[in-house]
Amino acid sequence: MNFCSQGNYDNMTNSNEPDIVAFCCHYTAYACSQDLQNLPRLGFPENVRLEILPCSGRISIIRLLKAFEQGADGIYIAGCKDDTCHNVRGSRVAKKRVDYVKDVFGQLNIEPERIEMFMISREPNRGFIEAAKEMTERIKKLGPSPLKGK
Amino acid sequence: MIIGERKPIREIIGMLKGIKNILILGCGGCATVCSAGGEKEVEILASIIRIDRKKKGEPVETNEKTLARQCDTEYLEELKDEMDEYDAVLSMGCGVGVNFLADMYPKTIILPALNTSFMGVSEEQGVWSERCAGCGNCILDKTGGLCPVARCPKRLLNGPCGGSQNGRCEINPDIACVWQLIYDRLKGLNQLEKLQEVFPMKDWSSSLHGGPRKIVREDLKL
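Going down the list, the protein sequences come from chains Y and Z. Read in order, the letters of the first sequence correspond to residues -1 to 148 in our numbering. Read in order, the letters of the second sequence correspond to residues 12 to 233 in our numbering.
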């Protein structure tokens, strides 16, 4: 399983797969996998690097921007369903920050689809893995980040 | 406090065209409190500028700094030994800060990152509204502490215009008619007799109509 260290999103691999950074709510991630080391066995794509947060609402706009600035082709947040957030409004806050960055991307003529918010049930389910796969497919279609090779 | 909001990204990007070494300068005063131009917003804007330039393949060096305030000489002087290093300073302070920087550093390009909006209050997180127009001649003792100059779109001084309905303003039904609020408040305070007083025509010379204003306090001068 690939993890990011906080604030450092430089991709050290030379894979041709899209480099995706996922900021994940602790509760959502564990509800899906029980143990994060199980994720590859459950089909979680290897090109997605995880940063686990105590709550998706902990994410800041600058961390999202820096992940992109440092080379991510796509970024997403996986948080709880709006009405089941352990911290009441964490995923709602996270979505507002994703929307902020989408707006910034739009103004910079960068595809806003490169960043997304997924609200996933905290009960055991495959939503966490499906989100990673959906983002991987989406970014493959969009191609590498427009910042790459410049 | 002074409320501002960041200009659209495209406008900021446009004014930075061709500039390679930028100081993005935050303000620790009002601009920080209204989440428009403090340390956090400086970091975000610097990142946005770098992303834009990286996408275009145009080099840029962004420097980030936030002063305690941009409206005091003592803080702006902190920059005096480094100003020559920058092609431009992008101020995230209010218009006061931008002006003062331009006054103090005539050889440096100073650019505004914010639109300075008004003097107002935080109604709740993320919501600000105007309360004072800075007209220079306060009449709040006569109007129950509520200002018709700032809060009546017609700036009427002798009661409502007649267009207000159900306590709402006819110009903008989203806001209360301030004269309705004044009446209700004075009634609650048993001070309705204050409304008997007729305001004469307002002398606007103490407002911006008299040009830029200045206060000199001899008791404080050194």
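The beta carbon of each residue, even a glycine, is placed where N, CA and C say it ideally should be.
Find out if the Cβ-Cβ distance for the pair residue i, residue j is shorter than 7 Å.
i        : j        : result
Gly106/Z : Gly48/Z  : no
Met117/Y : Asp81/Y  : no
Val71/Z  : Lys18/Z  : no
Glu75/Z  : Val100/Z : no
Met115/Y : Ile75/Y  : yes
Val19/Y  : Ile60/Y  : no
Asp92/Z  : Leu106/Y : no
Cys163/Z : Val189/Z : yes
Gly40/Z  : Glu50/Z  : no
Ile33/Z  : Leu56/Z  : no
Gly145/Z : Ser217/Z : no
Leu145/Y : Lys67/Z  : no
Cys109/Z : Pro123/Z : Here the sequence assigns Val to residue 109/Z, which means Cys is not the residue at that position. Against a cut-off of 7 Å, the Cβ pair of Pro123/Z and Val109/Z comes out as a contact.
Ala92/Y  : Gly104/Y : no
Glu181/Z : Gly170/Z : no
Pro38/Y  : Ile137/Y : no
Phe154/Y : Leu48/Y  : Given that chain Y is displayed from residue -1 to residue 148, the structure contains no residue 154/Y and the question cannot be resolved.
Ala161/Z : Glu141/Z : yes
Arg95/Y  : Ile57/Y  : yes
Leu151/Z : Pro159/Z : no
Glu7/Z   : Asn126/Z : An answer regarding residue 7/Z cannot be provided, because it is not within the stretch 12 to 233 covered by chain Z.
Leu40/Y  : Ile127/Y : yes
Ala187/Z : Gly178/Z : yes
Ile50/Y  : Ala65/Y  : no
Per DSSP, residue i is paired with what?
i        : result
Cys146/Z : Partner(s): none; Cys146/Z has no beta bridge.
Leu101/Z : Ile35/Z, Leu122/Z
Tyr74/Y  : Ala20/Y, Glu114/Y
Glu135/Z : Val138/Z
Pro1/Y   : At residue 1/Y the sequence reads Phe, which differs from the Pro that was named. Per DSSP, Leu48/Y.
Who are the Cβ neighbours of residue i in its own chain at under 7 Å, not counting the five residues just before and after it?
i        : result
Lys100/Y : Pro110, Ile113
Ile20/Z  : Ile59
Ala29/Y  : Arg120, Glu121, Pro122
Ala130/Y : Ala20, Phe42, Pro43, Val46
Pro52/Y  : His24
Leu112/Z : Gln81, Leu87, Val100, Ser102, Ile121
Tyr116/Z : Met94
Glu204/Z : none
Arg2/Z   : Not covered by the structure: residue 2/Z. The range shown for chain Z is 12 to 233.
Ser133/Z : Trp139
Arg87/Y  : Gly55
Lys213/Z : Leu168
Can you look up residue i in the DSSP assignment and give me helix, strand or coil?
i        : result
Met94/Z  : helix
Ser175/Z : coil
Phe66/Y  : helix
Thr82/Y  : helix
Lys76/Z  : strand
Arg17/Z  : strand
Glu88/Z  : helix
Met12/Z  : coil
Gly108/Z : helix
Ile50/Y  : strand
Phe126/Y : helix
Ala187/Z : strand
Ser58/Z  : helix
Ser128/Z : strand
Thr154/Z : coil
Glu204/Z : helix
Tyr116/Z : coil
Ser89/Y  : helix
Gln81/Z  : coil
Arg196/Z : helix
Gln35/Y  : helix
Gly40/Z  : coil
Lys146/Y : coil
Phe103/Y : helix
Ala47/Z  : coil
Take residue i and list the residues in its own chain whose beta-carbon comes closer than 8 Å to its own, dropping the five residues that flank it on each side.
i        : result
Arg196/Z : Gly155, Gly156, Leu157
Tyr98/Y  : Ile59
For the ligand MN, is there any heavy atom lying closer than 6 Å to the beta carbon of residue i?
i        : result
Cys188/Z : For the structure depicted, the ligand MN is absent and the ligand set is empty, with no information on it obtainable.
Can you list, in chain order, the residues of its chain with a C-beta nearer than 6 Å to that of residue i? Leave out the 5 residues immediately preceding and following it.
i        : result
Tyr97/Z  : Asn32, Leu34
Ile14/Z  : Cys45, Ser128, Phe129, Gly131, Trp139
Pro142/Y : Asp71
At what residue ranges does the region 208 to 233 of chain Z contain a whole run of the alpha helix (DSSP H), taking only runs of 4 or more?
Uninterrupted alpha helix (DSSP H) stretches at least 4 residues long and entirely within the region 208 to 233 of chain Z do not occur.
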